Amino acid sequence: MRIGELATESGLTTKTIRFYEQAGLLPAPPRTPGGYRDFPPHALARLAFVRDAQAGGLTLAEIRSVLALRDSGQAPCAQVGVLIEEHLAEIERRLDELRQARTVLRELARRAAVTDPDTCSAGDICTILARP
Numbered sequence: 318m319r320i321g322e323l324a325t326e327s328g329l330t331t332k333t334i335r336f337y338e339q340a341g342l343l344p345a346p347p348r349t350p351g352g353y354r355d356f357p358p359h360a361l362a363r364l365a366f367v368r369d370a371q372a373g374g375l376t377l378a379e380i381r382s383v384l385a386l387r388d389s390g391q392a393p394c395a396q397v398g399v400l401i402e403e404h405l406a407e408i409e410r411r412l413d414e415l416r417q418a419r420t421v422l423r424e425l426a427r428r429a430a431v432t433d434p435d436t437c438s439a440g441d442i443c444t445i446l447a448r449p
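Heads up, the sequence shown is in the working numbering, so the first residue is 318 and it goes up one at a time.
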């Protein structure tokens, strides 16, 4: 199938498909005598996998490594499991940071609500942000 048809069926743009090909996520397809790309039917499933893996938070490099394992004939399930666990741990760490930031911001908002700008001294940059 030509790239336009693949784009329509996959919901991606032709530019994205070319990028995935250049990035090593999609093997270069054979060319027609006229020089057009002639993607095999399984390219559609591969593009769906890339899209699903990205939705799960995997980077293009991680997706490329999973595809390389599959292309070599190995099942990438163990590697995918490790990647998922790593991403989950990173999300948990970021959530903890966000909870801490929310606590600090709530305290700053409380201070801001009771601060009279007319009482700020010229030597202070901002009394709301200054530690009490």
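Built from N, CA and C at the ideal position, the CB exists for glycine as well.
Just so we're clear, the structure is a prediction, and the values are computed from it rather than from any experiment.
Distance, residue j Cα to residue i Cα
| i | j | result |
| --- | --- | --- |
| Leu384 | Glu322 | 23 angstroms |
| Ala395 | Thr349 | 38 angstroms |
| Ala340 | Ile401 | 22 angstroms |
| Arg448 | Ile442 | 12 angstroms |
| Asp388 | Leu405 | 26 angstroms |
| Arg427 | Gly374 | 35 angstroms |
| Gly352 | Ser327 | 22 angstroms |
8 angstroms Cβ cutoff met for residue i and residue j
| i | j | result |
| --- | --- | --- |
| His380 | Ala392 | Checking the sequence, you will find Ile at residue 380 rather than His. Their beta carbons are not under 8 angstroms apart, which means Ile380 does not touch Ala392 by this criterion. |
| Phe366 | Met318 | no |
| Thr444 | Thr432 | yes |
| Arg354 | Pro346 | yes |
| Leu342 | Leu386 | no |
| Ile320 | Thr333 | no |
Status (buried if at least 16 other CB within 10 Å, exposed otherwise) for residue i
| i | result |
| --- | --- |
| Arg446 | The displayed chain sequence assigns Leu, not Arg, to residue 446. Under this definition Leu446 is an exposed residue. |
| Leu415 | exposed |
| Tyr337 | buried |
| Ala360 | buried |
| Arg423 | exposed |
| Cys399 | Rather than Cys, the amino acid found at residue 399 in this sequence is Val. With fewer than 16 other Cβ atoms within 10 Å, it is exposed. |
Selection from the options that minimises the alpha carbon distance to residue i
| i | options | result |
| --- | --- | --- |
| Thr325 | Gly390, Pro344, Leu364 and Ala430 | Leu364 |
Hey, is the stretch 406-413 in contact with the stretch 432-449, meaning 3+ C-beta pairs nearer than 8 angstroms? Three or more Cβ pairs closer than 8 angstroms define a contact, and the stretch 406-413 falls short of that threshold against the stretch 432-449.
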